[in-house]
Amino acid sequence: MYLVDTNIFLEVLLSQRRKDECKKFLGMLRNGKVEGVVTDFTIHSIIVLMDGLGKLDELKVFLSSLTAYKGLYVYTTSIFDEVNAVEVAKKNNLDMDDAVQYVAALSINADAIVSFDHDFDNLGIPRKEPKQIIKVV
């Protein structure tokens with residue numbers, strides 16, 4: 316089970332440099348070939364960002380598409396998770412976004428955090444990039 320970080324979705328939504336790699340990985344989640352978790356925090360962050368960019372049509376497609384993923388589950392963070400994230404942020408010098416993701420990964424006992432964010436390196440859960448998972452499966 317993987318925790319899927321916000322930047323994996325944004326690569327595709329914003330047509331960034333590594334979008335093809337991310338599309339393949341997300342396709343594996345959609346088909347149920349791998350299992351992953353996205354936090355409600357990630358979904359809300361994407362909502363705010365896409366709204367700010369005036370991309371509401373793309374946002375609607377994204378949100379609707381989440382229901383079709385066979386291998387992707389939504390993790391709703393609790394207040395306890397968020398309090399814990401404050402301590403994790405302070406201890407590991409992370410911003411709150413990364414700390415919330417890391418605490419969620421701990422809560423679900425994730426095998427890895429799928430992200431391009433090197434701030435997750437050298438923590439208790441390994442970070443993997445989509446291409447590393449695509450090669451294995």
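Residue numbers (my numbering): 316 to 452. Just so it is clear, CB atoms sit at the ideal spot from N, CA and C, and this is done for glycine as well.
Using alpha carbons as the reference points, say which of the options lies closest to residue i.
i, options, result
"Lys334", "Ser430, Thr391, Glu397 and Lys370", "Ser430"
"Asp426", "Ile448, Lys406, Asp434 and Ala414", "Ile448"
"Phe377", "Thr357, Leu421, Asp410 and Pro445", "Thr357"
"Tyr384", "Ile428, Val327 and Glu350", "Glu350"
Within 10 angstroms of the Cβ of residue i, are there 16 or more other Cβ atoms? Answer buried if so, exposed if not.
i, result
"Phe324", "buried"
"Asn399", "buried"
"Ala420", "buried"
"Arg332", "exposed"
"Tyr388", "exposed"
"Asp372", "exposed"
"Val415", "buried"
"Glu402", "exposed"
Pull up the DSSP beta-bridge partners for residue i, would you.
i, result
"Val353", "Val389"
"Arg442", "Ile428"
Pick helix, strand or coil for residue i, following the three-state DSSP scheme.
i, result
"Ile423", "coil"
"Leu371", "helix"
"Tyr317", "strand"
"Ser330", "coil"
"Asn346", "helix"
"Asn408", "coil"
"Tyr384", "coil"
"Asp396", "helix"
"Asn322", "helix"
"Asp413", "helix"
"Asp436", "coil"
How long is the line joining the alpha carbons of residue i and residue j, rounded to whole angstroms?
i, j, result
"Leu341", "Asn408", "29 Å"
"Lys348", "Ile394", "32 Å"
"Tyr390", "Val352", "6 Å"
"Leu329", "Leu368", "10 Å"
"Met343", "Asp396", "28 Å"
"Tyr317", "Ile428", "6 Å"
"Lys443", "Ala404", "20 Å"
"Arg345", "Lys339", "10 Å"
"Met411", "Asp434", "12 Å"
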